[in-house]
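Colleague: So the sequence shown is residues -41 to -1, 1 to 704, counted in mature numbering (1 follows the signal peptide of the UniProt record, and there is no 0). Backbone N, C-alpha and C fix where the C-beta goes; we use that ideal spot for every residue, glycine too.
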Amino acid sequence: RAGDPLPISVKCQLNIQKCITNTMNLLLLLLLFPSSVPSEGLSIKMFLRGRPITMYIPSDFHNYEDLRMELPTQKLQLDWVYGYRGRDCRSNLYVLTSGELVYFIACVVVLYHVQRRTQRHYLRHTDCVRCLAVHPDGVHVASGQMAGVDKDGKPLQPFVHIWDSVNLLTLQQIGLGSFERGVGSLAFSTADEGAYLCVIDESNEHMLSVWDCVRGTKQAEIKSTNESVLMVEFNPQDSSNIITAGKSHVYFWTWVGSSLTKKQGIFGKYKKPKFIQCFVFDTNGDVLTGDSEGNILTWARAAADIRTLGKGAKETYQISKQTHAHEGSIFCLCLCHDGSVLSGGGKDRRLVQWSPLLTVLQEVEVSQFGAVRTIAEGESGELLVGTTRNALLRGSLAEGFKPIIQGHTDELWGLGTHPSRDLFVTCGYDKQLCLWDGGEHMMAWSLTLEETGLCADFHPSGKVVTVGLSTGRWQVLDTETRQVLSSYTDGNEQLSVVRYSPDGEFLAIGSHDNFIYIYSVEEKEHKYTRFGRCMGHSSFITHLDWSKDGKFIMSNSGDYEILYWEVAKGCKLVRNRFDNRDREWASYTCVLGFHVFGVWPDGSDGTDINSLCRSHNERVVAVADDFCKVHLFQYPCAKPKAPSHVYIGHGSHVTNVRFTHDDGHLISMGGKDTSIFQWRVLGGSPPASRSLSSISSYEDGDRILAWVGKCSERSPALIGGSHILGGPVFWPPFLLLLRWRIFVC
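(1) Roughly how many angstroms lie between the CA atoms of residue 722 and I12, to the nearest whole one?
(2) Which of the three DSSP states, helix, strand or coil, is assigned to E520?
(3) Please report the straight-line C-alpha distance between Y81 and V67, rounded to a whole angstrom.
(4) Counting along the chain, where does the beta strand (DSSP E) carrying W559 start and finish?
(5) Quick one: is T440 buried, meaning 16 or more other Cβ sit within 10 Å of its Cβ, or exposed?
(6) Nearest-angstrom Cα distance between L60 and L52?
(7) How is S137 classed by DSSP in three states: helix, strand or coil?
(8) In the DSSP assignment, the beta strand (DSSP E) including I607 goes from what residue to what residue?
(9) Okay, do the stretch 12 to 32 and the stretch 346 to 358 touch, 3+ Cβ pairs below 8 Å being the bar?
(10) Taking I521 as the reference, give the member of S497, G345, D508 and G509 with the closest Cα.
(11) Rounded to a whole number of angstroms, what is the C-alpha to C-alpha distance between P687 and N535?
(12) Count the other CB atoms, across all protein chains shown, that sit within 10 Å of the CB of Q74; report buried if there are 16 or more and exposed otherwise.
(13) Assign P114 to buried or exposed, taking buried as 16 or more other Cβ atoms, counted over all protein chains shown, within 10 Å of its Cβ.
(14) Would you kindly report the start and end of the unbroken beta strand (DSSP E) that includes D584?
(15) Assess contact between the stretch 403 to 420 and the stretch 381 to 393, defined as three or more Cβ pairs (one per stretch) separated by less than 8 Å. Is contact present?
(16) Can you tell me where the beta strand (DSSP E) with T220 in it begins and where it stops?
(17) So, with DSSP's three-state summary, where would you put E399?
(18) Assign D96 to one of two classes, buried (16 or more other C-beta atoms within 10 Å of its C-beta) or exposed (fewer than that).
(19) Given 8 Å as the limit, is there contact between the stretch 174 to 183 and the stretch 234 to 251, that is, 3 or more CB pairs closer than that?
(20) Going by CA-CA distance only, name the one from D567, I363 and G509 that's closest to L543.
(21) Using a Cβ distance threshold of 8 Å, determine whether the stretch 36 to 46 contacts the stretch 586 to 600, with at least three qualifying pairs required.
(22) Determine the DSSP secondary structure at G340, reduced to helix, strand or coil.
(23) Please determine, among T248, F465 and D396, the residue with the shortest C-alpha to C-alpha distance to H283.
(24) Could you check the C-alpha separation between D541 and V456 for me, to the nearest Å?
(25) What separation, rounded to the nearest whole angstrom, lies between the Cα atoms of H367 and R348?
(26) Terminal residues of the continuous beta strand (DSSP E) containing M5?
(27) Could you name the residues that DSSP lists as bridge partners for L406?
(28) Based on DSSP bridge pairs, tell me the residues matched to V100.
(29) When we look at the beta-carbon of K230 and count the other beta-carbons within 10 Å, is it buried (16 or more) or exposed?
(30) Let me check understanding here. Comparing Cα to Cα, which of S148, V125 and I159 lies closest to N138?
(31) With a threshold of 7 Å, establish whether the CB of T566 neighbours any heavy atom of the ligand MN.
(32) Using the Cα positions of Q401 and V331, report the straight-line distance between them to the nearest angstrom.
(33) Could you tell me whether the Cβ atoms of G463 and S420 are closer together than 8 Å?
(34) Once you ignore the five residues that flank V640 on each side, which residues in its own chain have a CB closer than 7 Å to its CB?
(35) Rounding to the nearest angstrom, what Cα-Cα distance links L406 and D369 in this structure?
(36) For I512 versus S470, is the C-beta distance shorter than 8 Å?
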């Protein structure tokens, strides 16, 4: 009908007369009315929480409808895991017969060879690992995990894996469907060469169960207690005797067939502690418990009194001695090969060695790294200590301890990679700013910030790093001396992103006050002068990137806006977003944009993706999602439901991802799991042309679309009152010289 706008794609065969008419009309329009050239081009829309997000297709995507998204040829392989979970877990550090340390963080069990400085990783868990046990052979390992949820919120059941530490193969999955909430404690039997595994789950009743390790079958199960249970162990001389301890209790269990019976430890004249936090069997077969009062209680075997203790074992344990060992809680006890006992304190942060008669032999304080969480004895009396500040220490009481593994202690958000070296910085809620050496796999340095650090970026020179804080303040630090060179404040709300321009002449700071602050960088990155402020977002800034020429900024906000800014003209908002469709960006970390909208899953609520990073060679884009996953997509990723390689390991929302300077590695950070993963980037082929298709033929059946938009509305008289037909037309050579944009659909 006359006056109706025509659709973008018109699928019909035109006769020669119509082709000539369209061509001549368009030519005449362009020659006589150049101002009528359309200001809008082909666009696509995506929706987040019902809000439409319009993105314009770049001019070099000639046939967008034929664009196919494929898996990238590059893949990721976990290279190194930084961190250790010591702040809230026990029994999480052991030494294998291979000489490797075994411990866990997030969903990964790490096998670390200290002398060789190598790591291997057991990656078969689907949620955070909470406990470990090592078989008497020193080769097989049991690891238990928490229950989780999938991306749809459906619960995932916890389980225990028994696996071979040599080849990392899973030998047995135990308890799927039997445990609730998670697995809290594990122990292999010793007297019968590890034939059985004892498990305590995290249900309200803290179910105690015994399993056949070879068959994977449950032998016995019983409700333990409604109070917290912190530890379980078999008697190393008698597998029918099991001990559990926790809040206000220590229980001595007798296991016969499918039956489990318990006797409660009686404290008698001794003060009952609030928590029994650890225990160990000494060389005499007595039980030593460490409690929240700082005491070591010695429980000796005694004949059972059936009248008072009920039916069960023929003998029980009674307190024979109390030794005050620490100020505050005792977090761990360890029986050494020479018969001595080690105790680790909480409040006093002391590590004490005791003789078999519980007299002090020597002690040392490890205050810098937190309380002593767990102790393991290595070769030749070497000691390994895990601390509540998520550090692993190596050394001896005589010579002291040095950290071999360090990590953050609270939720992580800020991440920046060095422009020319294998270095990166991290920061988070623990107020620690850490510089990591990705080549040496170690922390280079750390310092304490006055406030929570939420974002960071290196200057292109690599000499300074800027960190944004939770109060609107940001600081510039020298990467060598750690000295604070400059400190500024913009607003009073948290900063979510800091980004240097590619030439290093400007710094952009995105804030939760909805503004982007622009500073000029002077005097060898030491002096910063306010250049302008970008105003126009209606919600807080989430991500931003600079153009390759350093003149423009693309930004995203909390209400899913994509805005563009011309910095050179006073941080002016670019109203016509179509003009930015062909702009090239020095980095691509914005989660919204034409080149990356295909990374969003169906049904996204706008918070499913926390971070995104394009590789420097522009071949792939890495994504950190809210479901503990890292994704690797093809770049550009400009079609819905794009396929990706998916990688697990993090135990909470992944907060940030960044490629290293040479794209050799990807760094990802977990949020609450405090883990940092270094992934090696494998494979890859030469990058494909940005023009994914070109016009090579004018044969019948080619579908060529010339979008002339609203030109006819502006000059209807020119074409006799009817609209120009947008459809498959045959363009003569002289018209192509006009350089009109054409798209293959």
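Modeller: Put simply:
(1) Shown here, the chain extends from -41 to 704; a query on residue 722 therefore has no answer.
(2) The DSSP-derived three-state label of E520 is coil.
(3) Those two C-alpha atoms are separated by around 6 Å.
(4) No beta strand (DSSP E) holds W559; DSSP gives it neither H nor E.
(5) With a threshold of 16 other beta carbon atoms within 10 Å, T440 falls short and is exposed.
(6) Using only the alpha carbons, I get a separation of about 7 Å.
(7) Coil.
(8) First-last for I607: undefined, no H or E at that position.
(9) Flag = no, the stretch 12 to 32 and the stretch 346 to 358 do not touch.
(10) The shortest C-alpha separation from I521 is found at S497.
(11) Since pLDDT at P687 reaches only 37, below the 50 mark, its modelled position is unreliable, and the value read off the structure follows with that caveat. Answer to the nearest angstrom: the Cα atoms are 27 Å apart.
(12) A residue is called buried when at least 16 other Cβ atoms come within 10 angstroms of its Cβ; Q74 does not meet this threshold and is exposed.
(13) By the neighbour-count definition (other C-beta atoms within 10 Å, threshold 16), P114 is an exposed residue.
(14) Unbroken beta strand (DSSP E) run through D584: V579 to D584.
(15) The stretch 403 to 420 is in contact with the stretch 381 to 393.
(16) If you look at T220, you'll find it in the beta strand (DSSP E) that goes S218 to Q223.
(17) Of the three classes helix, strand and coil, the one that applies to E399 here is coil, per DSSP.
(18) Burial call: exposed.
(19) Because the criterion of three Cβ pairs below 8 Å is not met, the stretch 174 to 183 and the stretch 234 to 251 do not touch.
(20) What sits at residue 543 in the sequence shown is Glu, not Leu. E543 has its Cα closest to that of G509, out of D567, I363 and G509.
(21) Inter-segment contact for the stretch 36 to 46 and the stretch 586 to 600 is absent: fewer than three beta-carbon pairs are separated by less than 8 Å.
(22) Residue state, collapsed to three classes: helix.
(23) For H283, the closest of T248, F465 and D396 by C-alpha to C-alpha distance is T248.
(24) When the Cα atoms are used, D541 and V456 turn out to be separated by approximately 24 Å.
(25) Going from the Cα of H367 to the Cα of R348 covers about 8 Å.
(26) Counting along the chain, the beta strand (DSSP E) containing M5 begins and ends at S2 to L7.
(27) Under the DSSP definition of a beta bridge, L406 partners with L392.
(28) The partner list for V100 (beta bridge, DSSP) reads V93 and W122.
(29) Around the CB of K230, fewer than 16 other CB atoms lie within 10 Å, so the residue is classed as exposed.
(30) The question names Asn, but residue 138 in the sequence shown is Phe. Ranking the options by Cα distance to F138, first place goes to I159.
(31) As presented, the structure is devoid of all ligands, the ligand MN included, so that no description of it is given.
(32) First, the residue type needs correcting, since residue 401 is Met and not Gln in the sequence shown. Approximately 21 Å, taken between the alpha carbons.
(33) The answer is yes: Cβ separation under 8 Å.
(34) Here the set comprises Q33, L35, D622, G623, H624 and L625.
(35) Taking the straight line joining both Cα atoms gives about 15 Å.
(36) Taking 8 Å as the Cβ cut-off, I512 and S470 do not qualify as a contacting pair.
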